[in-house]
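Numbering (our numbering) for the sequence shown: -14 to 146.
Even glycine gets a Cβ: it sits at the ideal position worked out from N, Cα and C.
Everything numeric in this text was worked out from a predicted model, so none of it was measured.
What follows is one structure encoded as structure tokens, with my remarks underneath.
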Amino acid sequence: MQFGGYSGQAYSPAGDKGRFVLPPLFRKAVKESSDGRVLCLMKHPTWNCLTGFGLSRKNELDAQLDREEELAYKVGRDFDRDTRASQLFGFVELPFDDSGRFVMPEHLRTLGRIEDGLYFQGGGRFFTLWNPAQLAEMGDDWASAKAACESFLADAKAKGK
């Protein structure tokens, strides 16, 4: 089966020992994309959140690097391939167990401003992982994601988590 991308929304409260749970919807997609249980995480380049994806995205990132270099050449702009490659491939590969549990490295928690929980938002080729407070600061074009996040938070609060 061909990998179909990441869609949907979910919420995961922080567990003990810095652990989070990759929700089932995203866990299934990451497994398909990674041919196993490897979650790739990095800081989003412009938003105050993290980006997640599976290992299959490596080929896509190689192609993106080639396109960006070619475009820079065509328009006569300087392009530092090594710097850009370091930016694109600076993700961390994290194992997760059958229940989706993984340990978030402290530097990613800091970069993503992650605190008590993660809101997951599908984005096609990748998904984003948000501190709900950071998502709440986004503009009106994020209204749907913000509403979904608020609903998940209310459900988690009602369950006492």
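Selection Glu78, Glu54, Thr113 evaluated against arginine 69 yields Glu54 as nearest (Cα-Cα). DSSP, read as helix, strand or coil, puts valine 60 in coil.
In the DSSP assignment, no residue is bridged to tryptophan 32. With respect to the 8 Å criterion, leucine 24 and glycine 37 are classified as neighbours on the basis of their beta carbons. Leucine 73 places its beta carbon less than 8 Å from that of leucine 50.
Look at proline 80 here: in three-state DSSP terms it is strand.
Following the DSSP letters along the chain, one finds arginine 4 inside the beta strand (DSSP E) bounded by residues 4 to 6. Pairing serine 71 with arginine 52, the inter-Cα distance amounts to about 16 Å. Nearest to proline 117 by alpha-carbon distance, out of Pro8, His29, Phe111, Ala130, is Ala130.
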